[in-house]
Amino acid sequence: MKKLLTALHRAEDTVLVLLLLTMITLAGFDILARLLFGGGVLWISPFLRVMVLWVGLFGALIATRSREHITIDLINRMAPVPVKRWLSVLTQSFAAFICGVIAWHSVEFVQMAYEYGDKAYGQVPAWPLQIIIPLSFGLMAVRFILQAGADLTGAVKTEGQSA
13 MKKLLTALHR AEDTVLVLLL LTMITLAGFD ILARLLFGGG VLWISPFLRV MVLWVGLFGA
73 LIATRSREHI TIDLINRMAP VPVKRWLSVL TQSFAAFICG VIAWHSVEFV QMAYEYGDKA
133 YGQVPAWPLQ IIIPLSFGLM AVRFILQAGA DLTGAVKTEG QSA
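Under the working numbering, the first residue of the sequence shown is numbered 13, with each subsequent residue one higher.
Structural data, given as structure tokens:
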């Protein structure tokens, strides 16, 4: 299982780096084309906008794996250690629920884009570019569930040891 997780993490990191390098290269090429030839490549700007979505969601996915995502933890900072663990279970579970709801509805969104033949730009269909939304939020929901389970296991062990 650990090897599978390591491979998944390495794949996520690789995709994020490749997306960033591609964005930098395309943006640089477009800038040079505008300066040297008086106009850029038509598809680069809309493609870069889509890549920003992908980079943002991959970044969020990577941040959730190491618990470096944005949190509001005022109560968590002031609570005693046993309460912190239970608060973490509660917040991780809530985050999993919200990510699951977003993933569920974004699947419907992507399905509708496919059924109606939505175009992102030119003749490029929108649904393959939007597929990152349900995938990333679904994976984030799974990560939050696993983190809540790990926190719950830690809370139960701590309470069992002190009793």
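Idealized CB from N, CA, C, for every residue including glycine.
Discussion item. Among Gly161, Ala115 and Val53, whose alpha-carbon lies nearest the alpha-carbon of Ile144?
Written reply: Position 132 of the sequence shown holds residue 144. The shortest C-alpha separation from Ile144 is found at Ala115.
Practice prompt. Can you give me the Cβ contacts of Gln104 inside the same chain, cut-off strictly under 8 angstroms, excluding the 5 residues immediately before and after it?
Written response: For the purposes of this step, residue 104 is taken as the residue at position 92 of the sequence shown. Phe156, Ile157, Gln159, Ala160 and Asp163.
Item to complete: Could you check which residue in Gln123, Val113 and Leu54 has the C-alpha nearest to that of Gly150?
Response: As a working note, residue 150 is residue 138 in the sequence shown. The residue with the shortest Cα to Cα distance from Gly150 is Val113.
Discussion item. If distances are taken between C-alpha atoms only, which option among Val53, Asp25 and Thr34 comes closest to Arg77?
Written reply: Position 65 of the sequence shown, counted from the first residue, corresponds to residue 77. Closest by alpha carbon: Asp25.
Worksheet entry | In chain order, each beta strand (DSSP E) run of at least 3 residues that lies wholly inside the segment 91 to 123 | None, since the segment 91 to 123 contains no complete beta strand (DSSP E) of that length.
Item to complete: Tell me, please, whether the segment 88 to 97 touches the segment 56 to 66 by the rule of three or more beta-carbon pairs shorter than 8 angstroms.
Response: Touching, no, given that fewer than three Cβ pairs across the two stretches are closer than 8 angstroms.
Worksheet entry | Proximity to Thr34 [Cα-Cα], best of Ala107, Phe59 and Val53 | Within the sequence shown, residue 34 is the residue found at index 22, counting from 1. Nearest of Ala107, Phe59 and Val53 to Thr34, Cα basis: Phe59.
Worksheet item: Comparing alpha-carbon positions, which option in Ser148, Leu73, Lys131 and Leu32 lies nearest His117?
Response: The count along the sequence shown starts at 1 and reaches residue 117 at position 105. Ranking Ser148, Leu73, Lys131 and Leu32 by Cα distance to His117 puts Ser148 first.
Practice prompt. Taking the CB atoms as reference points, tell me whether Leu28 and Ile56 lie closer together than 9 angstroms.
Written response: The residue labelled residue 28 in the question sits at position 16 within the sequence shown. The residue labelled residue 56 in the question sits at position 44 within the sequence shown. Contact check for Leu28 against Ile56 fails: the beta carbons are separated by 9 angstroms or more.
Discussion item. According to DSSP, is Ala7 part of a helix, a strand, or is it coil?
Written reply: Residue numbering for the chain in the displayed model covers 13 to 175; residue 7 lies beyond these limits and cannot be assessed.
Fill in: Identity of the residue in Arg79, Leu54 and Leu99 nearest Val136 by Cα
Taking the first residue of the sequence shown as position 1, residue 136 is located at position 124. When the alpha-carbon of Val136 is set against those of Arg79, Leu54 and Leu99, the nearest one is in Leu54.
Item to complete: For Pro94, count neighbouring C-beta atoms within 10 Å of its own C-beta (all shown protein chains included) and say buried if the count is 16 or more, exposed if not.
Response: Taking the first residue of the sequence shown as 1, we reach residue 94 at position 82. When all chains shown are included, Pro94 counts as exposed.
Worksheet item: By how many angstroms is the C-alpha of Leu32 removed from the C-alpha of Pro127?
Response: As a position in the sequence shown, residue 127 is number 115, starting the count at 1. As a position in the sequence shown, residue 32 is number 20, starting the count at 1. The identity of residue 127 in the sequence shown is Glu, whereas the question assumes Pro. Near 31 angstroms, if we compare the C-alpha coordinates of Leu32 and Glu127.
Worksheet item: Can you tell me whether Arg46 is buried or exposed, with buried defined as 16 or more other CB within 10 angstroms of its CB?
Response: On the sequence shown, position 34 is the one that residue 46 refers to. So Arg46 counts as exposed.
Worksheet item: What do you get for Pro146, buried or exposed, if any count of 16 or more other CB atoms within 10 angstroms of its CB means buried?
Response: Walking along the sequence shown from the start, residue 146 turns up at place 134. So Pro146 counts as buried.
Discussion item. Measuring straight from C-alpha to C-alpha, what distance separates Gln173 and Gly166?
Written reply: The residue labelled residue 173 in the question sits at position 161 within the sequence shown. The residue labelled residue 166 in the question sits at position 154 within the sequence shown. The predicted position of Gln173 is uncertain, since its pLDDT is 47 and thus under 50; a value taken from the coordinates is nonetheless stated next. Looking at the two C-alpha atoms, the distance is approximately 11 angstroms.
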